[in-house]
């Protein structure tokens with residue numbers, strides 16, 4: 012068997028945990044399996060590097076940030092190879108150049124294009140454990156790029172797809188995928204299995220267990236995922252196309268505090284205005300989520316939408332440049348102290364009244380809704396960030412997710 016294993020930063024945070032991971036990988040290796048390991052940076056090392064960069068330059072060039080941040084994963088893989096060597100097992104560490112992992116040139120949030128697998132296969136044939144840097148790649152000009160926070164998950168799934176691996180295991184500091192963040196909702200329960208679609212929505216909506224692009228890729232290439240803890244040997248959660256049990260009404264509740272609302276006030280109420288607005292943002296790779304357009308009045312309308320909080324400054328700067336020319340709007344407002352709360356579940360498709368039940372849960376605890384977005388398997392609301400904890404607990408209890 013060929014097994015790809017990914018370990019997050021907390022799993023390799025210190026010497027003891029590095030050796031714990033090394034022994035777990037060696038255990039599979041000694042059973043005769045080929046083992047590829049993907050690692051994140053140790054503990055909070057990425058945050059330390061970010062702080063160092065901003066101490067030097069409050070607005071550092073994105074290319075140089077990617078050059079700096081790749082240090083974290085290179086440290087992890089080299090130390091892991093040393094640990095395995097000390098335990099008597101041959102291992103080799105490889106970075107994005109040595110693999111090579113080709114990406115787009117969108118620094119800070121690049122997308123994988125293809126992976127050259129020859130080097131990895133040669134190392135596996137010589138019976139080495141191959142340890143690969145997560146989160147990073149190289150563009151067509153041989154610049155380092157990074158895949159965004161959580162990008163090591165995507166690296167692991169991409170490698171599993173490219174190598175046609177028999178298993179892809181994502182190790183983290185929790186036991187699997189929960190019905191809600193157990194740090195916020197004390198009744199949260201671990202799921203035995205979940206569909207790709209449900210996991211993709213949960214990941215996109217703030218559930219920090221898996222990077223959303225990794226789930227997207229796993230679904231596209233049919234890579235079976237298992238999410239489990241690196242600190243114990245529990246079974247974890249299986250992510251796949253179909254689950255064996257009858258679909259629950261709601262599989263999980265997620266929150267995302269990394270969000271902000273932008274309102275463009277006084278736009279002309281005529282065809283093409285929305286296109287111009289969102290086209291300006293799309294050209295600069297700024298993703299937009301919830302969108303609300305007001306009813307036209309006196310020849311004008313307002314459009315509000317959400318973006319990731321770390322994209323707000325860029326988005327506002329773009330809109331301000333076009334404020335008087337193509338947009339012809341009165342003003343642009345920003346609200347940062349907001350959060351998205353979402354429910355996700357494939358069972359929602361055949362059960363009417365789910366949204367009203369969620370809204371009732373928010374009403375029960377006095378939480379006001381600012382914006383609403385829905386799909387076949389999710390309902391998302393925008394609320395004040397200060398109310399996230401009570402909102403999450405009330406919604407979770409309303410659907411009795413902890414008792415299913």
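In the numbering used here, the protein residues as written are 12 to 415.
Built from N, CA and C at the ideal position, the CB exists for glycine as well.
Apart from sequence neighbours up to five positions away, no residue of its chain approaches residue 42 with a beta-carbon distance below 6 Å. Residue pairing of residue 18 in beta bridges, as defined by DSSP: 50, 182.
In the three-state DSSP reduction, residue 304 falls in the strand class (E or B).
As computed with DSSP, residue 155 is found in a beta bridge with 149.
Pairing residue 267 with residue 351 gives a Cβ-Cβ distance under 8 Å.
Taking 4 residues as the shortest admissible run, the region 267-354 contains the following complete alpha helix (DSSP H) segments, listed from N- to C-terminal end: 284-293, 323-332. The region 352-364 makes no contact with the region 291-302; the number of CB pairs closer than 8 Å stays below 3. Look at the beta carbons and you see the region 184-198 not touching the region 134-145: under three pairs across the two are nearer than 8 Å.
Per DSSP, reduced to three states, the secondary structure at residue 100 is coil, with no helix or strand assignment. Leaving aside the five residues that flank residue 100 on each side, the residues in its chain whose CB is nearer than 7 Å to its CB run, in chain order, 37, 40, 140.
Here the C-alpha atom of residue 78 lies approximately 13 Å from the C-alpha atom of residue 121.
Here residue 283 is exposed, its C-beta having fewer than 16 other C-beta atoms within 10 Å. Taking each of 105, 68, 128, 164 in turn and checking the Cα distance to residue 20, the smallest one comes out for 164. Judged by beta-carbon spacing, residue 273 lies within the 8 Å limit of residue 327, meaning their Cβ atoms are closer than that value. Residue range 123-126 is occupied by the beta strand (DSSP E) that includes residue 124. Here the alpha carbon of residue 319 sits roughly 19 Å from the alpha carbon of residue 225.
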